[in-house]
Amino acid sequence: MDAPKRVLIVEDDPTSLELMAGYFELEGFRVLRASNGDEMDIALRKANVDLLCLDIRLPGRDGLSLLRELRRSSDLPVIVISSKTEDIDRIVALEIGADDYLDKPYNPRELLARANNILRRVSRSGQAPSESTEDIYKFNGWTLAPAARRLTAPDGSDVHLTRGEFELLLALQRHRGRVMQRDALLDALSGRERDPFDRTVDVLVGRLRKKIERDPKDPELIITVHGIGYVFLEKA
């Protein structure tokens with residue numbers, strides 16, 4: 723029998739914290755609680771956490787600052803939860819590396835569905851047993867090794883990719899030369915639900931371009947097909 727998944731909830735409002743914790747506990751999760759960034763850091767050092775639910779508005783270091791710090795060294799799945807409703811907050815969270823974003827008030831069933839979808843996708847992505855030459859993608863001196871979740875630059879250095887960046891680049895590589903609609907790319911991302919106003923794909927493309935394009939403002943690899951999606955044009 724699989725061990726219960728551990729979720730760390732970082733929320734400074736005690737009522738909201740206990741409500742969210744109760745939703746997860748009813749679904750069989752083990753729940754860790756934190757009310758600020760310092761408590762979050764301690765919890766992450768003490769336990770292996772499978773998912774982080776992170777509120778934006780926190781005393782001291784806010785949620786976006788905590789997420790930015792976390793992404794320097796960890797690909798831990800993160801759902802950002804906030805009472806803010808401006809698009810800019812969602813976009814910034816995704817740019818920093820959030821796997822998903824929910825506005826308060828949220829439907830508990832939606833929160834749990836998104837959490838389970840992310841964890842299922844993460845579990846599947848970690849099951850690749852070995853790698854053959856067919857599994858390795860090369861472009862412009864770069865090498866993408868899916869089983870190892872590794873992107874190597876032309877100079878031989880490793881380039882860190884967040885989970886979303888990796889999944890998007892892999893999807894584009896697997897369909898190299900074919901235009902991919904945003905919906906299809908969204909389906910390739912961990913636990914994402916289709917939403918016609920979701921800008922996750924566009925945000926991730928922007929982040930990838932900064933990492934692999936010579937000039938992100940004049941991309942040669944990941945090309946925008948206006949009104950449809952994106953295509954990866956470089957040939958092996």
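When you read off a place in the sequence shown, starting at 1, and then add 722, the result is the number in this note's numbering.
Even for Gly, the Cβ is constructed at its ideal location relative to N, Cα and C.
If you're wondering where the values come from, they're calculated on a predicted model, not measured in any experiment.
Opposing strand residues paired with residue i [DSSP bridges]
i: Ile-801; result: Cys-775 and Asp-822
i: Thr-946; result: Tyr-952
i: Arg-872; result: Ala-867
i: Ile-731; result: Arg-755 and Cys-775
i: Gln-903; result: Gly-951
Where residue i falls, given that 16 or more other Cβ within 10 Å makes a residue buried
i: Arg-885; result: buried
i: Pro-876; result: exposed
i: Pro-736; result: exposed
i: Glu-832; result: exposed
i: Glu-942; result: exposed
i: Ala-893; result: buried
i: Leu-741; result: exposed
i: Pro-799; result: buried
i: Arg-931; result: buried
i: Asp-821; result: buried
i: Gly-782; result: exposed
i: Ile-840; result: buried
i: Val-925; result: buried
i: Thr-855; result: With a pLDDT of 43 at Thr-855, under the threshold of 50, the modelled position of this residue cannot be trusted; read the value that follows with caution. Exposed is the call here.
Close Cβ partners of residue i (< 6 Å) along its chain, the five nearest in sequence each way excluded
i: Pro-851; result: Because the pLDDT at Pro-851 is just 42, under 50, the model does not fix this residue reliably, and the point stays unresolved.
Secondary structure of residue i, DSSP reduced to three states
i: Phe-861; result: strand
i: Val-881; result: strand
i: Tyr-745; result: helix
i: Lys-939; result: coil
i: Gly-928; result: helix
Sequence-distant residues of its chain with Cβ nearer than 7 Å to residue i (five each side left out)
i: Thr-946; result: Tyr-952
i: Val-753; result: Val-729, Ile-731, Ala-743, Phe-746 and Glu-747
i: Glu-749; result: Leu-834
Close beta carbons around residue i, own chain, < 8 Å, minus the five adjacent residues each side
i: Glu-853; result: Note that Glu-853 scores a pLDDT of 44, beneath 50, so its modelled location is shaky and nothing firm can be said.
Any non-hydrogen atom of the ligand MG within 7 Å of residue i CB
i: Ile-764; result: You won't find the ligand MG in this model; it holds no ligand whatsoever.
Test: residue i CB closer than 8 Å to a CB of chain D
i: Tyr-952; result: The structure shown contains no chain D; it is built from a single protein chain.
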